[in-house]
Every structure is written in C-alpha cells, then in structure tokens.
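Asks: Submitted below is the structure of interest, expressed as structure tokens.
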Amino acid sequence: MAEGVVKYINGPVIRADKMDKFKMREMVTVGPKRLIGEVISLDGQIGTIQIYEETTGLKVGDKVESTGMPLSVKLGPGIVGNIFDGIQRPLNYIFNKSGGYISEGIGLASIDLNKEWEVEIIIKNGDEVESGMFFGKVKETPLVNHYLMVPNGIRGKVIDLKPRGMYNMEETLLKIDDGKEIHEIKMYQEWPVRSPRPVNKRMPIEKPLVTGQRVVDTFFPIAKGGTAAIPGGFGTGKTMTQHQLAKWSDADIIVYIGCGERGNEMTEVLEDFPKLVDPKSNLPLMNRTILIANTSNMPVAAREASIYTGITIAEYFRDMGYHVAVMADSTSRWAEALREISGRLEEMPAEEGYPAYLPSRLAEFYERAGYVDTLSKKEGSVTIIGAVSPAGGDFSEPVTQNTKRFVSAFLGLDKKLAYARHYPAINWLSSYSGYLATLDGWYRENVDEDMMKLRGEMLKILQEESKLLEIVKLVGEDVLPDEQRLILEIAKVIKIGYLQQNAYHKEDTYVPLDKQNRMLKVINELYINSREAVKLGVPISKLRGSEVFKDVIKMKYSIPNEYKDEFKDLEEKINDYFISLKKAYEG
Amino acid sequence: MIKEYLELQKIEGPLIVLSGVENASYDEIVEIKCGEQIKHGKVVQIYEDKAVVQVFENTAGLSVKDISVKFTGKPLEISLSKEIMGRVFNGIGEPIDDGGDIYSKIKRDVNGRPINPVARKYPRDYIQTGISAIDFLTTLIRGQKLPVFSGNGLPHNNLAAQIVKQAKISSSQNSDFAIVFAAMGVKHDDAHYFLRIFEESGVLDRVVMFLNLADDPVVERIITPRCALTAAEYLAFEENMHILVVMTDMTSYCEALREISSAREEVPGRKGYPGYLYSDLASLYERAGMMEGASGSITQIPILTMPNDDITHPIPDLTGYITEGQIVLNRDIYQRNIYPPINILPSLSRLMKDGIGEGYTREDHPDIANQMFSCYSKVQEVIALAQVIGEDELSDIDKKYLEFGREFEYRFLNQGFDENRDIEETLNLAWEVLSILPQGELDRIAPEMLKKYYRG
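Those sequence lines, one after another, are chains U and L.
Heads up: the first sequence at position 29 corresponds to 29 in UniProt numbering, and the numbers run straight through without jumps.
Heads up: the second sequence at position 437 corresponds to 437 in UniProt numbering, and the numbers run straight through without jumps.
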C-alpha cells in the first residue's frame with residue numbers, strides 16, 4: 001500500500017511528500033487518527049489532500065495511507081429514513097461512537113452491513129443478466145421497495161443463486177459468470193460520488209413535479225427531471241420553501257441535503273418528518289426521505305462532498321425506476337466551500353474570490369438531473385431544487401448568476417414580500433419557469449384545457465398592477481379610473497387569496513392541482529363580472545366591500561381540499577350577486 | 001521531552017515564524033517567554049520544519065533572539081468548574097479579578113466540537129423578555145441564537161441589559177440560570193455599564209465575564225468568544241443550567257479576523273474579510289442550542305454594529321444566514337425618541353413559530369403577529385405616498401393606517417428601560433393598536449379571533 005508523508009498543514013488542506021503512487025481523487029487516511037481525506041492535486045512527489053475532518057493535532061511527518069479507491073458511497077438497503085454526514089457516515093453511528101459532539105477519527109462508516117434484510121429473489125439460476133438489471137427486492141420501508149441491481153460493468157450467467165430469505169449485507173447472494181471471471185454479488189454496491197451513474201438514454205421532460213404549492217404549480221412549475229433554483233437573502237424563507245417541497249411534492253424519494261446550514265433545521269426535519277403523513281399513502285414522510293447533513297460548523301471539505309453524496313444516492317434510486325427529488329440547501333455554502341479550499345490552495349481567484357471553475361462545477365451538478373430510461377428499461381428521474389443564498393440578497397453575485405445559466409426554473413424570493421410576511425415570498429415578476437411549454441400538454445390532459453391560459457391572464461393582471469402601483473406611489477390610488485382600480489383589487493385577491501399559502505394551515509399547506517384550477521376559475525369569474533359591473537358604473541368601493549370579494553379571498557381556507565359542491569355554490573353566489581347588482585344599475 | 005526553541009525566523013504583526021521545528025502539531029498552543037513576560041500563541045500553519053504561530057498578545061517587545069518558545073502539544077484549554085460563576089476572566093480565559101486561579105480536573109478545548117444534529121433537541125420554550133416588540137414579534141426561544149443588529153450610537157447595550165435583567169423562562173426551572181458575557185473590543189465604559197447592570201439586578205454571582213477590551217490585544221479577541229462558549233457549554237450540558245450568552249461586539253471580532261487573515265497573506269473575500277468568515281462565525285453561533293441527555297440550554301444574543309448601518313455588509317449578512325433570526329435596530333426610529341428602536345420589518349425570529357400560540361403564549365398570538373407585520377409594512381407605503389401628495393390628500397383608510405403606525409410606534413414599541421410588560425399585557429396592547437384599523441383590513445386573522453378580541 002502506498003504511503004505518503006505530511007509536509008504542510010493549513011486548516012483542511014494538507015500537502016504530503018512521496019505521493020507519486022497515489023491517484024487523483026483517491027480517498028486516503030491521514031495521521032494516527034486516520035482522518036479521511038481526498039487527493040485533489042498531484043505534482044511530482046507532492047500531493048495536495050483535502051481533509052473531511054478537523055485537522056487539529058496533525059503533525060508534519062504523519063503518514064498518509066492509500067485506500068485504493070475514489071471517494072465512494074455504499075448503495076444498498078438502509079439508506080432511506082437515515083441521516084448521514086457529508087461522506088455518508090450515519091450520524092446515529094457517530095453519535096453512538098463519540099456522543100453528542102462530532103469528533104474526528106471516527107473512521108469510515110456507511111450503511112449498517114450487519115443488519116439482516118428479507119430478500120426476495122426475482123431471477124433464476126442460469127438467467128443471463130446485465131448491468132442495472134434487478135435480481136432481488138427488499139422492502140426497505142413501508143413506502144419503498146428497494147430493488148437490488150447488478151452492479152455496473154458486470155454481465156453474464158447467474159450461478160449459485162440463494163433462495164428467498166433473511167440475509168445480511170455482506171453475504172453473497174449470487175454469482176455471475178461472465179465467461180472469464182466469476183463475480184460475487186452482494187446486497188450493496190459501491191459507487192464513486194463524483195461520476196454520474198450510467199443510464200440507457202435520456203428522455204424528454206414532460207411531467208410536472210406536483211408540489212401542492214399554488215405559486216409553484218400554477219405559475220412557475222417544476223418538471224420531473226428538471227432543475228430549479230430558489231435564491232433569496234436571509235429571512236426570505238428559502239428553507240421553509242424547501243421544506244414544503246420536500247414534504248408535499250409527488251416524488252417517490254426525497255434526498256434532502258442540508259449543506260452548510262443550521263443544525264436546528266436538520267433537527268426540525270428529524271423531529272417533524274416522522275410525524276407528517278404523506279397524503280397519498282398515509283404513512284410518515286420519513287419513509288421516503290434521506291437526509292444528508294453538513295451543518296455550518298461541520299468540516300468545510302465534507303460540505304463540498306455532501307452535494308455529490310446526495311446526488312449519487314438520488315441517481316441510485318432513480319435507477320430503480322423512482323422519481324427522486326433532491327433538495328440542496330444551500331448551494332451557495334457549497335460554492336463557498338469550493339472558494340475556501342481554492343483559497344487555501346492559493347489558486348488564482350476569479351469573481352469575488354470564487355475559483356474560475358465555479359460555473360463548470362455548477363453545470364456538472366445540475367446536469368446530473370434528468371428524466372431517463374434506466375439500464376433496466378424503467379422510467380426514472382432526478383429533479384434538483386437548489387437553494388441559493390446570495391451575499392447581501394443581491395442576485396447579481398456569481399453563484400446566483402451562474403446558477404441561472406444552468407437551471408430552467410427560477411423562483412426568486414423577495415425581501416419585501418417576506419417583510420410583509422407574504423409567504424411563500426416568491427416574486428411573481430422576477431421568477432420564471434422554462435417548463436411552461438413542455439408541460440402545457442400535461443396540464444391540458446390531466447387538469448384542465450384552460451388552466452395555463454388562466455395562469456397567463458392572472459399573471460397579466462399582476463404585471464399591470466405593478467405598473468399601476470408605480471403611479472399610485474406618485475399620485476395616490478383615488479385618481480385612477482375605476483377599471484384600473486379594479487385591477488388593483490383583483491391583484492389583491494390573487495395575492496392574498498391565491499399566492500399566499502399558509503404552511504401551518506391543515507388544508508392550505510398542500511393543495512391538489514384540481515383545487516388550484518377551480519380557485520383560478522373562481523377568481524377569473526369574479527374579475528370578468530366585476531369588470532362588467534364597473535363598466536355599468538358600479539363604484540369600486542361597493543365591489544371591494546362586498547361579501548363575494550371576501551368569500552373569494554377566504555376560499556383557500558373555507559373550501560376543503562376534498563371539496564364537494566362548495567366551488568359550485570361559490571360560483572353561483574358570485575353570479576347571483578352580480579346579476580342583482582347589474583339589474584340595480586341598468587335601472 | 002519538551003523542546004525549547006531559542007530563535008525566531010520572522011516576526012510580522014501578530015505572527016511569528018519558527019524554523020527547525022520538530023513534531024509541531026496543527027492548532028497546538030505555544031508558550032513564548034521573553035524576559036519576564038510569558039505570552040501564548042497557536043500554530044496556524046506548518047510547512048516542513050517551519051511553523052507559523054499566531055500570538056494572542058501583542059508582539060511588541062519580542063525579538064528574534066533572546067526568546068524561548070515551547071510547544072505544549074495541546075490545543076488551548078480552560079479549566080472549568082461551577083466556581084467560574086461570578087468571576088472575571090481576560091480574553092483568553094485567565095482570571096483577572098482577585099479570586100485566584102480556577103482549580104479543576106475538568107479542562108476543555110476552547111474550539112469545541114460541532115454538535116451532532118441527531119443529538120440536538122429542537123428548541124420550543126419561549127423566554128419572556130418583558131419587551132413588547134421582542135415577545136410579540138420576534139419571540140426569543142430558549143436555545144436560540146438571536147443577534148441584535150445595531151449601529152454605532154444606538155442603544156443596543158441598553159437593550160441587551162434589559163433582556164438580561166428581565167428574561168423569564170415560561171416554565172418553572174427559573175433558578176438554574178446563569179449569564180455568560182463575552183466582550184470583544186468593547187470600550188471600558190461599556191464593560192463597566194454591563195457590570196453595573198448585573199450588579200443592580202442582583203445576578204452578579206451568576207455571571208461569568210470574559211473581557212477583551214478595545215485596547216487589549218487584537219488576536220486575543222479571536223479566542224474570547226470561544227472561551228465564553230466553552231464555559232457556557234460546560235454549564236449548560238454538564239451542569240444542566242440555562243445559559244444566556246451575550247456576545248458583544250461581533251463586528252470587532254470579525255475585524256480582528258480580517259486583520260490576522262491579511263497578516264497571513266490569505267486570499268481575501270468580500271470587503272477584505274477572509275473567505276472562511278462564514279464557517280468561522282458558524283463555529284461560534286452553532287454552539288447555541290439544546291442537547292439530548294442534558295436539561296440545560298444555551299441561548300445566544302450576539303450584538304453587532306453594522307458598519308455604516310448597512311445590513312448587506314458581510315458581517316450582518318453572514319450572521320443572518322447562520323442565526324435563527326435577527327433584531328434590527330433603526331436610527332430613524334431612535335431619532336424619533338422611541339426606545340427600543342426596533343425596526344420590526346426586517347426583524348425575525350425563526351423559532352417563534354413553534355414556541356407561541358395556544359399552550360405557549362396565547363391562541364391569538366401567531367395570527368395577530370402576522371397581521372401586525374403586514375399592516376406595518378402597509379404603513380411604510382402610505383408614508384411614502386404621503387411624502388409625495390401630502391397627508392391631507394390621502395384616502396380615509398390610508399389616514400387610518402398612518403394613525404395606526406404612529407400609535408404602534410409610540411404606544412406599543414416604545415417602552416421604558418425599567419418597564420417589564422408580561423405577554424398578556426403585550427398582546428392586549430397589540431389588539432388595542434390594531435383595532436384602530438377597520439375590521440375589514442385585518443385579513444390574516446381567523447374570524448373567531450376577531451370576534452373574541454377585536455375592540456373597534
């Protein structure tokens with residue numbers, strides 16, 4: 001085994017001599033505590049290593065030992081419902097080993113290899129198999145069937161197949177004879193985190209990731225297999241929005257990466273998710289959730305790795321034919337980790353001290369999303385939703401700008417809306433979704449022919465409102481003609497009654513698409529009727545104070561998600577009101 | 001055997017460089033003897049046989065010869081026992097009152113270690129500060145880190161002192177609390193002010209003070225909050241006490257960090273602050289919280305002065321990304337003679353959602369707090385409009401908003417330094433002020449609540 005000698009120590013970056021036998025991106029252990037690190041550059045005998053643990057106490061002359069493999073994760077049953085650190089060590093394992101505080105020198109650990117799982121074998125001896133094919137099934141949680149797959153690069157004839165039964169992870173379940181060599185296949189496989197897992201082919205995106213959040217689903221939809229960014233200064237509700245998406249989106253598996261964020265937020269997820277119930281299956285959401293936590297005070301190099309660990313796990317479940325959503329909170333902390341390490345390497349900085357390779361790293365990350373045909377000929381997808389924390393809330397900084405280049409949906413959070421406690425504080429003027437055209441067909445077929453048309457109408461009203469507000473700022477609202485004041489009133493209805501959504505309200509926290517569509521229709525109905533009424537000379541103050549306006553604003557609370565006739569009743573009420581109103585004014 | 005080195009290669013600002021060093025380990029503490037003086041430093045970089053040491057005290061008086069440097073082989077540790085309460089220490093944890101040294105077997109590394117997220121308990125109990133704006137709109141929760149963003153000349157010290165004086169925990173275990181006070185680069189009179197307040201409110205024997213004053217060595221400032229938080233962790237998680245940590249002024253701390261970073265010729269990030277400022281601040285702020293297996297808690301109130309009152313400056317900006325909310329003081333409001341001059345719109349407490357409402361404060365709290373934010377934000381729009389068209393031209397409803405804004409500031413926000421309002425009083429006052437507006441404007445309050453509490 002190759003061995004190097006430490007020469008230089010600067011925080012998480014060390015340099016070592018006699019490193020010529022090491023490989024780039026190889027995982028190594030350093031010093032008597034066997035800290036875990038990764039080789040990030042090689043120059044003759046000198047190798048640079050980034051260390052995933054605290055380097056306190058490390059000395060010049062300490063040994064660097066090779067492990068012979070790149071930074072990898074173990075993929076097998078035991079991942080779902082678990083919480084890991086940035087290099088896939090279970091936090092519960094660390095807790096049992098070192099108590100409440102995380103200490104260095106824990107060593108490598110991953111999913112529990114001693115645990116026994118009931119394996120159902122779904123192939124026969126003598127079958128010809130190839131990479132990615134399923135050979136067994138494990139019920140990992142009540143929500144997730146974990147399919148065991150033939151590891152990449154292996155194909156051949158199945159021999160020595162074990163029967164259905166309880167096995168631990170280290171037992172050989174079958175052997176595959178490829179004519180030259182016999183491969184032993186276990187329940188888990190390893191995969192280097194920095195390489196994307198192979199697929200049969202990429203497929204076009206055509207389904208939305210339904211989130212139950214009105215402003216997202218109706219106005220700025222995210223597609224399954226697509227990418228989205230949620231930028232916002234502190235206090236604008238990035239994490240809240242991410243949590244809402246993690247809770248309610250219709251993905252099969254959620255990978256939540258807490259990258260450089262608050263410890264209490266991870267604890268909140270750990271306490272909340274087991275209590276929250278999935279609307280489809282009535283089982284706790286934790287049964288489909290995987291958490292990766294590198295809180296802001298955990299070692300910075302592991303923060304850089306955490307994103308890759310998360311996405312690799314996501315791809316693994318995608319290969320089983322699942323729709324996986326990855327929430328990365330926050331990609332800015334990951335970019336800052338890159339910057340910090342780059343600074344310690346004394347690389348030439350580009351914009352704001354970030355390394356010049358920031359855009360290419362961001363692109364590599366977001367491009368691992370996609371809707372694919374897997375090696376086992378199933379449809380699966382990875383959707384990436386990354387939070388961005390721009391310095392000073394200024395979207396012109398490099399991370400936000402470069403992220404914008406590689407994502408298709410952009411949900412910009414707005415400080416002003418957050419100050420007025422308008423949540424989710426997604427700004428409808430600066431946000432966009434590139435998936436509108438691709439998803440149009442789906443919405444027509446599965447929700448309503450008119451939904452996207454109505455969306456356009458509503459957005460137009462909001463646009464117009466923002467223009468009118470500029471005038472109002474100068475001269476006051478009273479001088480506007482009534483048609484324009486009506487725009488302001490309807491915009492208010494849309495903002496309060498539709499865009500604002502209460503994450504703490506039992507019904508409002510998640511709203512199915514069908515109800516969203518009905519709500520849009522009601523608002524449109526109200527708008528068309530009021531416009532006619534205004535033309536007839538009904539004063540705006542009369543409309544504004546009317547019962548129907550209030551009812552429409554409150555419908556998000558008063559009409560349940562499993563509504564019966566409530567929408568019909570409301571629409572009738574609106575019609576009746578306006579018919580009698582018109583009669584009175586037509587005289 | 002511990003070797004002594006008798007020669008330095010270089011002295012540059014707070015850094016010294018030694019060569020020919022054997023066996024030095026990263027982050028260990030060194031003892032530097034120069035004549036009668038003993039100074040301390042820590043290893044910040046090692047390159048082959050060279051070690052770069054950051055000296056905590058002033059390097060004035062050091063020379064490259066005539067010196068003796070010893071590597072201790074240990075990171076910086078402080079001795080801890082319950083005896084530290086009522087004592088005063090300097091910035092690196094050495095006693096500076098007349099009480100003598102702390103003798104204890106318990107020694108802790110001041111750098112601490114990250115708390116495992118699975119070992120944390122999510123904070124839920126609210127702390128009543130007796131200050132309406134805080135209790136009602138940015139409720140402080142036990143185990144939270146809630147900084148005060150202030151500016152030079154604003155009464156942040158008074159606010160912190162008032163919180164310390166009045167803080168009352170909702171549940172019964174009020175007796176087992178203590179205050180840890182870390183002063184970084186504060187003026188002598190400010191330190192004295194806090195001392196007097198602690199004395200007046202009779203908590204002096206429950207305060208642990210770590211003082212690095214404005215004329216104390218800059219590098220020491222990097223260690224001060226770490227010593228304080230180590231003491232806090234010990235008291236909270238080993239002695240099961242509820243600890244309120246007041247750290248002031250974080251801006252001086254960050255500036256010290258920048259000074260050292262530039263002496264080390266590191267690549268600067270925004271405004272010359274080092275790229276690792278975020279991680280470094282996080283290593284302090286994240287030491288707040290509650291842990292499984294211990295009944296104590298650490299609540300942090302860091303105070304920082306925003307340079308030029310700019311909230312987008314890297315120090316408040318990065319702090320806001322780590323802490324669980326912020327209380328923002330505002331100069332305009334202060335100049336209108338309102339104390340505490342809290343600007344509620346950018347102020348926020350992220351943990352309040354789980355610690356207020358029925359069973360904690362009162363059922364109507366979440367709704368009316370939300371309503372208050374939304375109405376006060378409307379007031380700002382109306383004021384802007386009034387500046388253009390004049391107050392007389394405003395519509396009737398806008399005039400109501402102006403009246404509400406004034407009443408809110410002068411009756412609700414404004415309160416005396418010695419005025420301690422309990423939560424019931426605060427909530428009733430909130431309703432009184434909100435009831436200036438017609439019921440139709442209160443669109444965030446559930447109809448039952450309006451019926452029960454609205455007084456228009």
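All C-beta atoms in this analysis are idealised placements derived from N, C-alpha and C, irrespective of residue type, glycine included.
Note that the structure is a prediction, hence the values are computed from the model and not measured.
Could you check how far apart the C-beta atoms of K201(U) and V372(U) are, in whole angstroms? I think they sit under 8 angstroms.
Replies: Confirmed, about 7 angstroms.
Asks: What are the complete alpha helix (DSSP H) segments, minimum 4 residues, inside the stretch 235 to 289 of chain U?
Replies: Segments of the alpha helix (DSSP H) lying fully in the stretch 235 to 289 of chain U: 238 to 248 and 263 to 272.
Asks: Determine the direct distance from the alpha carbon of I14(U) to that of I49(U), and round the result to whole angstroms.
Replies: Rounded to whole angstroms, I49(U) to I14(U) spans 5 angstroms at the Cα level.
Asks: Exposed or buried, what is E449(U) when buried is set at 16 or more other beta-carbons lying within 10 Å of its beta-carbon?
Replies: By the 10 Å Cβ count, E449(U) comes out exposed.
Asks: Compare the C-beta of D317(L) with all C-beta atoms of chain U and state if any pair is closer than 8 angstroms.
Replies: Taking Cβ atoms only, chain U reaches closer than 8 angstroms to D317(L), which makes this a yes.
Asks: When the cut-off is 8 angstroms and only beta carbons count, does N282(U) lie next to chain L?
Replies: Taking Cβ atoms only, chain L never reaches closer than 8 angstroms to N282(U), which makes this a no.
Asks: Output yes if chain U places a C-beta closer than 8 angstroms to the C-beta of D27(L); else output no.
Replies: With 8 angstroms as the cut-off, D27(L) counts as an interface residue toward chain U.
Asks: Any C-beta of chain U within less than 8 angstroms: which residues of the stretch 46 to 70 of chain L qualify?
Replies: The residues in question are I46, Y47, E48 and D49.
Asks: Going by DSSP in three states, H192(L) sits in which element: helix, strand or coil?
Replies: Correct three-state label for H192(L): helix.
Asks: What are the boundary residues of the beta strand (DSSP E) that I121(U) is part of?
Replies: E116 to I121 is the extent of the beta strand (DSSP E) around I121(U).
Asks: Quick one, which of F234(U), G235(U), D278(U) and G233(U) has its alpha-carbon nearest L245(U)'s?
Replies: Among F234(U), G235(U), D278(U) and G233(U), the Cα nearest to that of L245(U) is on D278(U).
Asks: Alpha carbon to alpha carbon, how far is G130(L) from K247(U)?
Replies: Approximately 36 angstroms between the Cα atoms of the pair.
Asks: Just the chain U side, please: which residues come within less than 8 angstroms of K353(L) by C-beta, in chain order?
Replies: Neighbours of K353(L) on chain U, chain order: Y504.
Asks: Measure how close the beta-carbons of L229(L) and L146(L) come, nearest whole angstrom, since I'm counting them as under 8 angstroms.
Replies: With a Cβ gap of about 16 angstroms, L229(L) and L146(L) do not count as contacting.
Asks: At 9 angstroms on the CB atoms, spell out the chain B contacts of F22(U), in chain order.
Replies: Reference to chain B is not applicable here, since the protein chains of this structure are U and L.
Asks: Entirely within the stretch 107 to 187 of chain L and at least 4 residues each: give me those alpha helix (DSSP H) ranges in chain order.
Replies: DSSP runs (the alpha helix (DSSP H)) wholly in the stretch 107 to 187 of chain L: 156 to 166.
Asks: Apart from the five residues on each side of it in sequence, which residues of its chain come closer than 6 angstroms, Cβ to Cβ, to L543(U)?
Replies: Here the set comprises S530.
Asks: Do three or more CB pairs link the stretch 190 to 204 of chain U to the stretch 162 to 181 of chain U at distances below 8 angstroms?
Replies: Flag = no, the stretch 190 to 204 of chain U and the stretch 162 to 181 of chain U do not touch.
Asks: Cα-Cα, which of H422(U), E104(U), Q88(U) and L469(U) is closest to V30(U)?
Replies: Checked all of H422(U), E104(U), Q88(U) and L469(U); the closest Cα to V30(U) is E104(U).
Asks: Ordered along the chain, which non-local residues of its own chain (more than five positions away) have a Cβ less than 7 angstroms from that of T400(U)?
Replies: Only P231, V388 and P390 meet the Cβ criterion.
Asks: My assumption, with CB atoms under 8 angstroms, is that T239(U) sits in contact with R120(L). Please give the rounded CB distance.
Replies: The pair is not a contact, with the Cβ atoms about 16 angstroms apart (cut-off 8 angstroms).
Asks: Between M241(L), N23(L), F408(L) and K378(L), which lies nearest to G293(L) when the distance is taken from Cα to Cα?
Replies: Ranking the options by Cα distance to G293(L), first place goes to M241(L).
Asks: Which two residues bound the contiguous beta strand (DSSP E) that contains V379(L)?
Replies: Run containing V379(L): none in the beta strand (DSSP E); it sits in the alpha helix (DSSP H), H365 to I389.
Asks: Any residues in the stretch 64 to 90 of chain U with a beta carbon nearer than 7 angstroms to a beta carbon of chain L? Which ones, in chain order?
Replies: Cβ contacts with chain L: I83.
Asks: Less than 8 angstroms between the beta carbons of V219(L) and Q54(L), yes or no?
Replies: Yes, they are a contact pair.
Asks: Given a cut-off of 8 angstroms on the beta-carbon distance, is the pair R258(L) and P274(L) in contact?
Replies: Yes, the pair counts as a contact, with Cβ atoms nearer than the cut-off.
Asks: If the cut is a Cβ gap below 8 angstroms, which residues of chain U does M291(L) touch?
Replies: Under the 8 angstroms cutoff, chain U gives G100.
Asks: Spatial neighbours of S72(U) within its chain, please: C-beta separation below 7 angstroms, excluding the five flanking residues on both sides.
Replies: Closer than 7 angstroms at the Cβ level, and outside the excluded window around S72(U), lie E190, W191, P192 and V193.
Asks: Spatial neighbours of M306(L) within its chain, please: CB distance less than 8 angstroms, with the 5 preceding and 5 following residues excluded, ordered by chain position.
Replies: So the list reads F149, S150, G151, T251, H313, I315 and P316, once near-sequence residues are dropped.
Asks: Using 8 angstroms as the threshold, is the stretch 176 to 194 of chain L in touch with the stretch 352 to 371 of chain L, meaning 3 or more CB pairs across them?
Replies: No contact exists between the stretch 176 to 194 of chain L and the stretch 352 to 371 of chain L.
Asks: Could you give the DSSP three-state label for A356(U): helix, strand or coil?
Replies: It is coil, neither helix nor strand.
Asks: Would you grab the beta carbon distance between K18(U) and G78(U) for me? Rounded to a whole angstrom, and I think it's under 8 angstroms.
Replies: In fact, because the Cβ distance is near 38 angstroms, the residues do not count as touching under 8 angstroms.
Asks: Terminal residues of the continuous alpha helix (DSSP H) containing K180(U)?
Replies: Where K180(U) is concerned, there is no enclosing alpha helix (DSSP H), given that its DSSP letter is neither H nor E.
Asks: Buried or exposed: N82(U), going by 16 or more other Cβ atoms within 10 Å of its Cβ?
Replies: Burial call: buried.
Asks: Within its chain, find whatever has a CB closer than 6 angstroms to the CB of D565(U); leave out the 5 residues flanking it on each side and keep chain order.
Replies: For D565(U), where only same-chain residues beyond five positions count, there are no Cβ hits under 6 angstroms.
Asks: Would the stretch 197 to 204 of chain L and the stretch 231 to 238 of chain L be scored as touching if the rule is three or more Cβ pairs under 8 angstroms?
Replies: Because the criterion of three Cβ pairs below 8 angstroms is not met, the stretch 197 to 204 of chain L and the stretch 231 to 238 of chain L do not touch.
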